[in-house]
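Q: Quick one: the structure is below, questions incoming.
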Amino acid sequence: MSFFHVVASFKDRPEAGIICLFSDLTRKELTNVFIHPYRKGGNILNSLQHSYDLSQIGFLKIIETTSRSDKELRKLRSQINLVPVSEIGSKFSSSNTVRETDIILCGADVTEAYVGMSGPGSLKDKKSIWEHLAHIATIIAALIGLRSCL
Numbered sequence: 179m180s181f182f183h184v185v186a187s188f189k190d191r192p193e194a195g196i197i198c199l200f201s202d203l204t205r206k207e208l209t210n211v212f213i214h215p216y217r218k219g220g221n222i223l224n225s226l227q228h229s230y231d232l233s234q235i236g237f238l239k240i241i242e243t244t245s246r247s248d249k250e251l252r253k254l255r256s257q258i259n260l261v262p263v264s265e266i267g268s269k270f271s272s273s274n275t276v277r278e279t280d281i282i283l284c285g286a287d288v289t290e291a292y293v294g295m296s297g298p299g300s301l302k303d304k305k306s307i308w309e310h311l312a313h314i315a316t317i318i319a320a321l322i323g324l325r326s327c328l
C-alpha cells in the first residue's frame, strides 16, 4: 500500500519554513483533501486544522512511500546514525535529528504526476479560459452576422 505526504512552504508565512501539511494519506484521501482543493484554489485545512492559502505556496512536494511516515522516519534516523555527521551535509538539520518534513528524503517525489506544472487554482483558470473563448466566439459570430447584413 502507498502512503502520501504533502510538504510545502508558504510565501506569506516565511517564518514557518517547510511544513508537513498532510501525512500518511491514501491516494483517495490525497485527492479529496489536497488535490481537488489545490486545483480549485483558495484555502485548505490541514490535519491540525490550520488554514493555508494555496495561492501562497512557494515550495510543494508530494511524496509517496510504501510505509507510514513514522516507520519511514525511523528508518531514516537509523541510516543517519550510521553516517558520520561530517558526511550528512545540508540535507538534514544541524542537530542530526529527523524532522517530520524529512519525509521528502524517504520516498518518491510524485508532485508532477498529481499537480503537474499547474499552480493552485488551475481548474479555476481553465474554466475562465473556456469562458473567455465562449465570449470571443460570440463576438466573432456577431461580427460575421453583421458583415453578412452589409
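Under this note's numbering, the sequence shown has 268 at position 90, and the numbering climbs by one with no breaks.
Glycine included, each C-beta is placed from N, C-alpha and C at the ideal position.
Going along the chain, which residues of its own chain have a beta-carbon closer than 6 Å to the beta-carbon of residue 184, five neighbours each way excluded?
A: Same-chain partners within the cutoff: 199, 200, 212, 240.
Q: Whose C-beta lies closer than 7 Å to the C-beta of residue 302 among residues of the same chain, with five residues either side of it excluded?
A: Because the pLDDT of residue 302 is 44, which lies under 50, any placement of that residue in the model is unreliable, and the question is left without a value.
Q: Relative to the C-alpha of residue 181, which residue among 188, 209, 227 is closest?
A: When each option's Cα is compared against that of residue 181, the closest is 209.
Q: Where does the unbroken beta strand (DSSP E) through residue 242 begin, and where does it stop?
A: It spans 235–243 - the beta strand (DSSP E) in which residue 242 sits, taken as one unbroken run.
Q: Along the chain, where does the beta strand (DSSP E) that runs through residue 223 open and close?
A: Where residue 223 is concerned, the enclosing beta strand (DSSP E) stretches over 221–223.
Q: Beta-carbon separation of residue 246 and residue 202 under 7 Å?
A: Cβ atoms of residue 246 and residue 202: closer than 7 Å.
Q: Please list, in chain order, all residues of the same chain as residue 305 whose beta carbon is under 6 Å from its beta carbon, the five residues on each side excluded.
A: Residue confidence is low: residue 305 scores 45 on pLDDT, short of 50, so the model does not pin down where it sits. Its coordinate-derived value is still stated next. Closer than 6 Å at Cβ, skipping near neighbours: no residue.
Q: Quick check: what's the CA-CA separation for residue 293 versus residue 214?
A: Roughly 10 Å separates the two Cα atoms.
Q: Could you check where the beta strand (DSSP E) with residue 186 kicks off and where it finishes?
A: Taken as a continuous stretch (DSSP letters only), the beta strand (DSSP E) holding residue 186 covers 181–188.
Q: Answer yes or no: do residue 258 and residue 186 have a C-beta to C-beta separation smaller than 7 Å?
A: No, Cβ-Cβ distance for residue 258 and residue 186 is not below 7 Å.
Q: Starting from residue 197, follow its DSSP beta bridges and name the residues at the other end.
A: Residue 197 pairs with 186.
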